[in-house]
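So the sequences go chain by chain: P and U.
Each residue of the first sequence is one higher than the one before, starting from 33 at the first, in this note's numbering.
Each residue of the second sequence is one higher than the one before, starting from 29 at the first, in this note's numbering.
A virtual CB, placed ideally from N, CA and C, is assigned to each residue, including glycine.
Model, not experiment: these values are computed from the prediction.
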Amino acid sequence: MLEIKNLHVSINNKKILKGINLAINAGELHAIMGRNGSGKSTLAHVIAGKDGYEIEGDVLFNGESLLDKSPEERALAGIFMSFQYPVVIPGVNNTYFLKAALNAKLKANDQPELDAMDFLALIKEKIKLVEMDESYLSRAVNDGFSGGEKKRNEILQLLTLEPTFAILDETDSGLDIDALKIIANGVNQYRNSERAILAITHYQRLLDYMKPDVVHAMIDGKIVKTGDMSLAHELEEKGYSFLSTKDTN
Amino acid sequence: MSDVIKQAIDQEYKYGFVTDIEQDTFPPGLDEGVIRAISAIKEEPEFMLEWRLKSYKQWLKMEEPTWAKVSYPEIDYQAISYYSAPKKKELNSLDEVDPELLETYTKLGIPLEEQKMLSGVAVDAVFDSVSVATTFKSELEKHGVIFCPFSEAVQNHPELIQKYLGSVVPHTDNYFAALNSAVFTDGSFVYIPKGVRCPMELSTYFRINAANTGQFERTLIIADEGSYVSYLEGCTAPMRDENQLHAAVVELVAHKDATIKYSTVQNWYPGDPKTGKGGIYNFVTKRGTCLEENSKISWTQVETGSAITWKYPSCILKGDNSVGEFYSVALTNNFQQADTGTKMVHLGKNTKSTIISKGISAGKGQQTYRGGVKILKNAHNARNYSQCDSMLIGDKCGAHTFPYIDVRNPSAQMEHEASTSSIGEDQLYYCNQRGISTEDAVSLIVNGFCKDVFKELPMEFAVEAQKLMEVSLEGAVG
């Protein structure tokens with residue numbers, strides 16, 4: 033589904049990613065673990081289409097290069113990113129925002145758009161999955177939300193928009209254990225054989241609940257080791273230094 | 029600045045065209061003779077001429093105000109023509125209206141014929157200085173409502189004109205009001221009799237057409253005891269190279285238990301997007317008096333046009349328990365400048381005022397909110413709530429806020445809130461990542477910002493206002 037080929041990325045001539053190769057198939061959940069500054073979030077944003085990067089190599093989505101596409105074209109093609117720092121949009125009703133997003137997608141797929149009533153019925157079902165109060169629907173997007181509430185709101189969007197590929201950028205950071213379970217539960221409900229997920233995290237905690245198929249360790253802009261869940265345990269136990277010493281030149 | 033902003037700036041003014049109709053126009057210049065000539069053409073009674081001359085003499089003694097935070101080249105008042113009218117004047121029905129004029133309205137999206145049929149809005153269309161068509165007259169007459177061109181009211185209802193003209197905005201009020209009082213050519217007049225709820229929204233579309241012709245409308249709305257009226261005003265103007273001065277005066281009078289709701293959507297030519305050249309100077313005096321107890325005046329404005337806006341719709345809360353409201357959205361893009369706000373003067377007991385102002389600046393737009401709240405000595409238990417929010421789009425625009433508060437009665441309750449925000453790249457990226465296009469995202473964010481004001485607009489205007497914001501902001505961010 034997603035294929036990354038020898039991806040090099042710099043910001044202001046500073047090299048962040050130094051040759052990433054990655055293939056994620058439908059039905060798979062890949063986790064990328066790494067320290068702060070290792071380039072994990074950059075990878076997420078490059079896939080999502082954020083501006084301001086110098087890019088070499090290629091990112092293919094269902095065989096087509098993404099790099100010339102705008103963020104909204106990528107989103108409409110089925111790529112979703114749960115933001116590490118979800119953005120506040122004052123005055124814009126959460127329901128209205130999500131309806132605009134869903135209808136943009138439906139329109140792009142030549143499907144009929146939902147009216148306010150149908151959308152409300154849908155969103156009221158979805159919000160139960162992330163155990164949020166309905167009052168969040170009438171509040172402004174992420175405005176005054178706590179860290180955990182923002183992350184749950186991201187997962188609510190994931191469940192409503194039903195993309196084919198989801199990037200979770202440190203969706204577990206700043207969560208207490210209850211919220212973590214709710215998030216993982218939401219993500220697990222999203223998963224099926226036709227969808228794929230790339231989860232970016234520092235810790236194995238979230239992975240314990242989500243059970244990734246593949247775990248990658250990233251250090252200094254490179255994937256230095258790929259394995260299964262046992263790699264996550266190893267990293268948690270030994271830290272990243274045991275990899276960095278032998279794998280960086 | 030991103031490409032998208034540039035695109036927005038490059039966008040041409042949608043209503044920039046000039047109607048080719050033969051005009052009956054005075055040569056440029058202003059003196060007593062011109063004023064006498066205007067009055068003569070209008071066949072005005074003696075009191076009107078005297079009032080005009082008195083205003084002119086006053087104007088000569090006054091100086092153009094410079095306190096507003098706007099800058100423009102000096103206006104040569106002798107280079108302006110003070111009267112212009114389409115030549116064909118004797119009209120009994122719409123059929124007699126110049127087809128080209130009707131076409132102009134069609135381009136503006138206000139087909140009179142269709143509007144008569146569909147919208148239930150009575151339209152008094154002012155084309156330059158002479159009103160050419162008035163609709164729904166008979167329906168209004170049935171209720172005793174007078175809604176007619178100002179010049180007609182001078183002929184048919186001189187006693188009302190004499191009683192109320194200048195009673196809210198005296199001819200001595202300010203430079204532009206004095207000029208208007210001297211040279212105004214037409215406008216609208218509304219009188220709602222006792223206990224009548226006006227059966228429809230009243231609407232006027234102004235359009236400036238003739239080059240170098242100052243447009244000086246005069247509007248007077250009187251709501252008698254226990255009556256209600258909602259008045260809509262909407263404007264667009266064609267593209268011009270010369271700046272066009274517009275100095276209107278609007279006076280509202282609300283008697284006991286009466287309510288006047290005055291809504292404006294203003295979209296005059298803002299000037300060349302690249303140079304700012306040629307836009308309308310909109311120097312307007314709008315004021316209403318809540319003359320007696322339990323009266324209410326509510327101003328709602330959506331200002332997206334003009335090169336320069338100088339406008340402070342205000343309320344004098346004289347009657348006890350009277351209510352004044354001001355809801356405003358103002359947008360300045362490219363080289364536009366706006367100094368706008370309101371003044372609430374509390375004289376009566378238990379008077380209440382609400383000010384909600386939303387300013388949006390994009391491009392090199394400069395915007396100032398200027399608000400005055402005055403609680404006078406005898407205004408016991410007066411209350412005011414003010415909220416003024418500014419939104420900045422891009423990094424070359426500016427927002428300024430000057431709230432003046434003057435309280436002379438200790439029982440007053442005052443609240444003032446202000447905020448400044450911007451549309452961030454991160455907000456747009458977030459929306460984009462959810463599949464929402466940049467244009468839709470800007471419109472979503474701006475409409476969210478303006479929500480509190482838009483909900484005060486009558487239905488017909490609320491949709492138009494949202495559209496106008498979209499058009500005015502198209503791609504204003506990237």
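Query raised in the report: Name the chain U residues whose beta carbon is nearer than 8 Å to that of residue 193 of chain P?
Result: 462, 463
**Report entry** Distance, residue 236 of chain P Cα to residue 205 of chain P Cα
**Finding:** 11 Å
Query raised in the report: residue 113 of chain P versus chain U: which residues are under 8 Å apart at the beta carbon?
Result: 461
Query raised in the report: How about residue 64 of chain P and residue 230 of chain P: are their beta carbons less than 8 Å apart?
Result: yes
Query raised in the report: CB-CB under 8 Å to residue 218 of chain P, same chain, minus the five flanking residues each way: which ones, in chain order?
Result: 161, 162, 184, 187, 188, 190, 191
Requested in this report: Just tell me which of U/349, U/258, U/340 has its CA closest to the CA of residue 290 of chain U.
Outcome: U/258
Query raised in the report: Leaving out five residues before and five after residue 274 of chain P in sequence, what residues of the same chain have Cβ atoms less than 6 Å from its Cβ?
Result: none
Query raised in the report: Are residue 173 of chain U and residue 66 of chain U touching if we call contact CB-CB under 8 Å?
Result: no
Query raised in the report: When burial is assigned at 16 or more other CB atoms within 10 Å of the CB, is residue 389 of chain U buried or exposed?
Result: buried
Report task. Give the straight-line distance between the Cα atoms of residue 179 of chain P and residue 471 of chain U, rounded to the nearest whole angstrom. Result -> 27 Å
Query raised in the report: Mapping DSSP to helix, strand and coil, what is residue 327 of chain U?
Result: strand
Requested in this report: Apply the 10 Å Cβ neighbour rule to residue 436 of chain U and answer buried if 16 or more other Cβ atoms are within range, or exposed otherwise.
Outcome: exposed
Report task. Please check if any C-beta of chain U sits within less than 8 Å of the C-beta of residue 151 of chain P. Result -> no
Query raised in the report: Hey, quick one: how far does the alpha helix (DSSP H) through residue 385 of chain U stretch, first residue to last?
Result: That residue, residue 385 of chain U, is in no alpha helix (DSSP H); its beta strand (DSSP E) goes 380–389.
Query raised in the report: Mind pulling the chain P residues with CB within less than 9 Å of residue 472 of chain U?
Result: 121, 124, 128, 129, 132
Requested in this report: Counting only the same chain and skipping the five closest in sequence on each side, list residues whose C-beta sits under 8 Å from that of residue 99 of chain P.
Outcome: 87, 90, 91
Query raised in the report: Are the beta-carbon atoms belonging to residue 431 of chain U and residue 418 of chain U less than 8 Å from one another?
Result: no
Report task. Compile a chain-ordered list of the residues in the stretch 352–381 of chain U whose CB is closer than 8 Å to at least one CB of chain P. Result -> none
Query raised in the report: So residue 97 of chain U and residue 428 of chain U are in contact, right, with Cβ under 8 Å, and what is the actual spacing, rounded?
Result: 6 Å
Query - Integer-rounded CB distance, given that residue 50 of chain P should sit under 8 Å from residue 40 of chain P - result: 6 Å
Query raised in the report: Between which two residues does the alpha helix (DSSP H) containing residue 466 of chain U stretch?
Result: 466–482
Query raised in the report: In this structure, what does DSSP give as the bridge partners for residue 72 of chain P?
Result: Residue 72 of chain P is not bridged to any residue.
Query - chain P contact for residue 266 of chain U (CB, 8 Å cutoff) - result: At residue 266 of chain U, the pLDDT of 49 sits below 50, so the modelled position is not reliable and the matter cannot be decided from this model.
Requested in this report: Under 9 Å between beta-carbons, which chain U residues line up against residue 144 of chain P? List them in chain order, please.
Outcome: Residues of chain U passing the Cβ test: none, with the nearest at roughly 16 Å.
Requested in this report: Return yes when the Cβ of residue 371 of chain U is within less than 8 Å of the Cβ of residue 391 of chain U, no when it is not.
Outcome: no
Query raised in the report: Counting Cβ pairs closer than 8 Å, one from the stretch 310–322 of chain U and one from the stretch 333–349 of chain U, do we hit at least three?
Result: yes
Requested in this report: Determine the DSSP secondary structure at residue 185 of chain U, reduced to helix, strand or coil.
Outcome: coil
Query raised in the report: Nearest-angstrom Cα distance between residue 179 of chain U and residue 213 of chain U?
Result: 8 Å
Query raised in the report: What are the start and end residues of each continuous alpha helix (DSSP H) run of 4 or more residues lying completely inside the stretch 236–271 of chain P, in chain order?
Result: 237–242, 261–270
Query raised in the report: Under three-state DSSP, which class holds residue 433 of chain U?
Result: strand
Query raised in the report: In its own chain, which residues sit with a C-beta less than 7 Å from the C-beta of residue 206 of chain U, not counting the 5 before and 5 after it?
Result: 83, 86, 87, 90, 199, 200
**Report entry** Residue-level contact to chain P via CB, residue 500 of chain U, 8 Å cutoff
**Finding:** no
Query raised in the report: In chain order, what residues of the same chain lie with their CB nearer than 7 Å to the CB of residue 48 of chain P, ignoring the 5 residues before and after it?
Result: 41, 42, 71, 74, 253
Query raised in the report: Taking C-alpha atoms, which residue in U/345, U/298, U/59 lies nearest to residue 321 of chain U?
Result: U/345
Query - Span of the alpha helix (DSSP H) around residue 211 of chain U - result: 203–211
Query raised in the report: If contact means a Cβ-Cβ distance below 8 Å, which residues of the stretch 72–105 of chain P contact chain U?
Result: 80, 81, 82, 83, 102, 103, 104
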